[in-house]
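Quick note: the sequence shown uses the numbering used here, first residue 1, plus one each step. From the three backbone atoms N, C-alpha and C, an ideal C-beta is built for every residue, glycine too. Please read all numbers here as calculations on a predicted model, not as lab measurements. Worksheet: the structure to be examined is printed underneath.
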Amino acid sequence: MVAQPNGDPSAPLSPGLDHQALERFQIWIRPLQQALSLEAERGFVNVQGRQETFHSFLSRELGAPPGIPFPPDCKERLQAFSNDFQSYPSLSDAARRRLVTTVRQWLHALRQRLEPTRPMAPPKLKVATSSPAAPATHHGIMPLDAPLSRVRGIGPKQAERLASLGLLVVRDLLLHYPRDYVDYSALRRIEALVPGETATIVATVRRCHGFTSPRNPNLSILELQLQDPTGRIKVSRFLAGRRFSNPSYLHGQTRLYPNGATVAVSGLVKDGPYGLSFQDPLIEVMESAQAPLQSKRIGRLLPVYSLTEGLTADRFRTLVEAALPSVRLWPEPLPPQRRQARQLLDRHQALTAIHRPETSEQLQQARQRLVFDEFLLLQLGLMQRRAALRQRAAPSLRIASDRDGLLARFLDNLPFQFTGAQTRVLAEIDEDLERSEPMARLVQGDVGSGKTVVAVAALLKAIQAGWQGAMMAPTEVLAEQHYHSLCQWLPPLHVTVELLTGSTPLKKRRQLLADVASGGCKVLVGTHALLEDPVAFERLGLVVVDEQHRFGVRQRNRLLGKGLQPHLLTMTATPIPRTLALSLHGDLDVSQIDELPPGRTPILTTMLAGSERDQAYSVIREEVEKGQRAYVVLPLVEESEKMDLRSAVDVHRQLEEEEFPDLKVGLLHGRLPSAEKQAVIQAFARGETQVLVSTTVVEVGVDVPEASVMMIDHADRFGLAQLHQLRGRVGRGAAASRCLLINDSRNPLARQRLEVLVRSTDGFEIAEMDLRLRGPGQVLGTRQSGLPDLALASLADDGSVLEEARDEAADILRNDPDLNNHPVLRCLLDDQRNRVTSAAQLN
Numbered sequence: 001m002v003a004q005p006n007g008d009p010s011a012p013l014s015p016g017l018d019h020q021a022l023e024r025f026q027i028w029i030r031p032l033q034q035a036l037s038l039e040a041e042r043g044f045v046n047v048q049g050r051q052e053t054f055h056s057f058l059s060r061e062l063g064a065p066p067g068i069p070f071p072p073d074c075k076e077r078l079q080a081f082s083n084d085f086q087s088y089p090s091l092s093d094a095a096r097r098r099l100v101t102t103v104r105q106w107l108h109a110l111r112q113r114l115e116p117t118r119p120m121a122p123p124k125l126k127v128a129t130s131s132p133a134a135p136a137t138h139h140g141i142m143p144l145d146a147p148l149s150r151v152r153g154i155g156p157k158q159a160e161r162l163a164s165l166g167l168l169v170v171r172d173l174l175l176h177y178p179r180d181y182v183d184y185s186a187l188r189r190i191e192a193l194v195p196g197e198t199a200t201i202v203a204t205v206r207r208c209h210g211f212t213s214p215r216n217p218n219l220s221i222l223e224l225q226l227q228d229p230t231g232r233i234k235v236s237r238f239l240a241g242r243r244f245s246n247p248s249y250l251h252g253q254t255r256l257y258p259n260g261a262t263v264a265v266s267g268l269v270k271d272g273p274y275g276l277s278f279q280d281p282l283i284e285v286m287e288s289a290q291a292p293l294q295s296k297r298i299g300r301l302l303p304v305y306s307l308t309e310g311l312t313a314d315r316f317r318t319l320v321e322a323a324l325p326s327v328r329l330w331p332e333p334l335p336p337q338r339r340q341a342r343q344l345l346d347r348h349q350a351l352t353a354i355h356r357p358e359t360s361e362q363l364q365q366a367r368q369r370l371v372f373d374e375f376l377l378l379q380l381g382l383m384q385r386r387a388a389l390r391q392r393a394a395p396s397l398r399i400a401s402d403r404d405g406l407l408a409r410f411l412d413n414l415p416f417q418f419t420g421a422q423t424r425v426l427a428e429i430d431e432d433l434e435r436s437e438p439m440a441r442l443v444q445g446d447v448g449s450g451k452t453v454v455a456v457a458a459l460l461k462a463i464q465a466g467w468q469g470a471m472m473a474p475t476e477v478l479a480e481q482h483y484h485s486l487c488q489w490l491p492p493l494h495v496t497v498e499l500l501t502g503s504t505p506l507k508k509r510r511q512l513l514a515d516v517a518s519g520g521c522k523v524l525v526g527t528h529a530l531l532e533d534p535v536a537f538e539r540l541g542l543v544v545v546d547e548q549h550r551f552g553v554r555q556r557n558r559l560l561g562k563g564l565q566p567h568l569l570t571m572t573a574t575p576i577p578r579t580l581a582l583s584l585h586g587d588l589d590v591s592q593i594d595e596l597p598p599g600r601t602p603i604l605t606t607m608l609a610g611s612e613r614d615q616a617y618s619v620i621r622e623e624v625e626k627g628q629r630a631y632v633v634l635p636l637v638e639e640s641e642k643m644d645l646r647s648a649v650d651v652h653r654q655l656e657e658e659e660f661p662d663l664k665v666g667l668l669h670g671r672l673p674s675a676e677k678q679a680v681i682q683a684f685a686r687g688e689t690q691v692l693v694s695t696t697v698v699e700v701g702v703d704v705p706e707a708s709v710m711m712i713d714h715a716d717r718f719g720l721a722q723l724h725q726l727r728g729r730v731g732r733g734a735a736a737s738r739c740l741l742i743n744d745s746r747n748p749l750a751r752q753r754l755e756v757l758v759r760s761t762d763g764f765e766i767a768e769m770d771l772r773l774r775g776p777g778q779v780l781g782t783r784q785s786g787l788p789d790l791a792l793a794s795l796a797d798d799g800s801v802l803e804e805a806r807d808e809a810a811d812i813l814r815n816d817p818d819l820n821n822h823p824v825l826r827c828l829l830d831d832q833r834n835r836v837t838s839a840a841q842l843n
């Protein structure tokens, strides 16, 4: 018997279907509809499927609908249909036809009810094209180097405000790119408006009413009731000022929007107590729904600039518009055939479109051209720097035989074997050192991969060839760590090594400098003190720079200038993603130690909330009882009024007095005198101190194999690469090690960042994520990298454009190394070098 028509699927739903429920509904209903269609096509013969017959499939599926909010009585109706299909084989042909047709119609109505209908498409909006920049002969065009005070609308006060943004001439104004865009080009029907989005609607005025607020006589309100084929919306404009409350003025305003007029409205959609509305709407009356818009803001991509006090967004856009004709005077650095090969806009077209984009596609093309130019200049500068270095003469550190030499004896004395990666990198260094052109090589390796021992092997090769070596580190702690390591390895080989830092006593310094100048000291380890003029080497053959990203190019070059042209080996334990390495180290060859020494135990990383610190202290106590040691790292030395963070000094006092009164708790931070720092580190290394409270001064260099716990408080305040560095201070012995990240932040992004560290121990993956989340400036921790500032380019997002620009730069220099045939590029490059040099001198 066919089910009676109850459980109307067109009845209203109580709760609406969310995305997941809708997806489950669609997965359930599609096979049912397909099976019913197939049965009708085959003549209601009870089709035999692969596993079961039509009637048993329908009965089973209709009797077990998904658990979603169906309309009232639907489930009872589905169960009735299920029962009817159980007796389907015994029904007559006519009864089968009626049952299949009824169920098909019912399911179709149910699907129409539950699936959202497509919103009505918005009308096509025509925007009046902006007038093109004036021709180059026009008398109103300002030269690119003209002071901004000559631009129409910029008086002395305005010029002063612009100068505070670093904008002095017309060129500066055109290179002050928008930091974002408000997208009013998204055209919507009223029913499709979403709170929080910027949008534009075209609607008809049903009513316009102007009145003064009864609560505030200085505030008048213009209310428009608008309608399009999909719905209605109220749009309000607020007019602040007593002059607007004049009845005749308000009447004049309402006459601008007569009933039946077509208007375009742009703005931010907000949800209020009376439904959706626009915040600070822009309104234009159109001649007809098909007429083009004349407004410079409605329906467009509106640029948003970094501003200063006293300079409004609209005013600044007007000033840029006044200067835009001058883009015609901009010299084009690339010849037409190169632009066409890369499908790049002309430079002046790109500059116009970045400030005044007609479409999103045009904006993307403009941005790509300007990013390409930034990367091209960057790569040309790096490649020319590298070419200039290669033309200089450097000592060839070739030695006849190394069987019984310093290097062979050093490797024999080591208590471990080199890994395959260390052997490969040392071979690459050897090959460089034997050439008569200077080596410029960067060794990248994760924490604990054994970079230092490779650098020492390279230094010994230089010494065996009759030259001296220097090793420079960014901090006294790290310099002293390297010095103590070298003191274990070099004296048995009868190689002298000395340490020079800012705290070396004057008498010791004089003697040391004399030994270096005479050649008596073979290896000098130090900090920035090595850069000082009194330091003079007799024969400096190799310079090793550790944590090289902390030194600027000028600092590196000062040290290189102390020899004939010594070879340069730089090391970093901060893995750098490929795009950043190409930009930062385009003048260096890169070697990678991508293998950890055997026997290092993996570090278990756990994230804890601030309220779970006691768990971390319990782990520390357990490990100390096993004879291990623990670090507790904090971002601040002392309490700060500006930041509500625990400080190293406070936490040291708390742990010493409350948590671990029976243990020895040490304190290490950058403000301690060098001798005191060293004493604290040595006490921790010897085991006299079991818990070391520290700032990030332990990030590099402090090597204690017995340390098995690293607790990082306020971990959300550190960069991912820095946290990975800190984590690498443990796990250097045979014991299983723990890293405990205390996250006090409720910010979901902070948690997401820390979860990367919990799941990954790959320094390069972590660095890539750090670059994407924080940007290159913060990842590198310095602005002294010798790189120009990138105005538009993003090293995290524009990797493909960087590769293209690198290929283009190599191609240009291959045929024109001095850029004689590219005068504009040469001029831009010289100007960029001058700016970078000036900035470096100010630092």
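| Check | Outcome |
| --- | --- |
| Interface flag, E803 vs chain B, CB-CB below 8 Å | Among the chains of the structure shown, chain B does not appear; only one protein chain is present. |
| Distance between beta carbons of K234 and S185, contact taken as under 8 Å | Rounded, the Cβ-Cβ distance is 24 Å, inconsistent with contact. |
| The region 294 to 305 touching the region 255 to 262, judged by at least three CB pairs closer than 8 Å | no |
| Contact the region 474 to 493 vs the region 510 to 518: 3+ CB pairs below 8 Å | no |
| V633 to V730 span [Cα, whole Å] | 12 Å |
| Residue environment, E659, which counts as buried when at least 16 other CB atoms sit within 10 Å | buried |
| Range of the contiguous alpha helix (DSSP H) that encloses N83 | C74 to Q86 |
| Range covered by the alpha helix (DSSP H) that runs through S760 | Run containing S760: none; DSSP gives neither H nor E here. |
| Opposing strand residues paired with E223 [DSSP bridges] | H209 and S236 |
| First and last residue of the uninterrupted alpha helix (DSSP H) at S694 | S694 -> not in any alpha helix (DSSP H); beta strand (DSSP E) instead, spanning V691 to S694. |
| Chain-order list of residues whose beta-carbon lies under 7 Å from that of A809 (same chain, five-residue window excluded) | L376, Q379, L380 and M383 |
| When V443, E23 and R97 are compared against H55, the one with the closest alpha-carbon | R97 |
| Simplified DSSP assignment, three categories, for V495 | coil |
| With 16 other Cβ atoms within 10 Å as the buried cut-off, status of A440 | buried |
| Span separating the alpha-carbon of T689 from that of R653 | 15 Å |
| N747 - DSSP class collapsed to helix/strand/coil | coil |
| Identity of the residues DSSP links to Q340 by a beta bridge | Answer is none; Q340 lacks a bridge partner. |
| Span separating the alpha-carbon of R60 from that of E115 | 23 Å |
| Straight-line Cα distance separating V453 from L406 | 14 Å |
| Status (buried if at least 16 other CB within 10 Å, exposed otherwise) for Y274 | exposed |
| Stretch-stretch touch, CB-based, cutoff 8 Å, three pairs: the region 704 to 716 with the region 673 to 680 | no |
| Uninterrupted beta strand (DSSP E) stretches inside the region 650 to 718 (no shorter than 3 residues) | 665 to 668, 691 to 694 and 707 to 712 |
| Element boundaries [alpha helix (DSSP H), containing Q290] | Element bounds for Q290: n/a, residue is neither H nor E. |
| Closest residue to A536 among D183, V544 and A514 (Cα-Cα distance) | A514 |
| Own chain residues within Cβ distance below 8 Å of R243, not counting five before or after | Y249 |
| Residues of its chain near S518, where Cβ-Cβ distance is below 8 Å and the 5 sequence neighbours each way are ignored | E538 |
| Nearest to D172 (by Cα), restricted to the options L162, Y181, Q422 and D180 | L162 |
| Short Cβ contact (8 Å threshold) for R367 with H348 | no |
| The region 610 to 629 / the region 757 to 769 touching (three or more Cβ pairs under 8 Å) | no |
| Reduced DSSP secondary structure (H/G/I, E/B, other) of S785 | Only weak support exists for where S785 lies, its pLDDT of 47 falling under 50; the coordinates are left without a value. |
| Between the CA atoms of G445 and E332 - distance to the nearest angstrom | 42 Å |
| Of the residues L792, T423, A609 and I712, the one placed nearest R746, counting alpha carbons only | A609 |
| Three-way DSSP call (helix, strand, coil) for V304 in this model | strand |
| Short Cβ contact (8 Å threshold) for V202 with A146 | no |
| Inter-stretch contact (C-beta, 8 Å, three-pair minimum) for the region 563 to 572 and the region 389 to 401 | yes |
| Of the residues T570, F81, S326 and R77, the one placed nearest L36, counting alpha carbons only | F81 |
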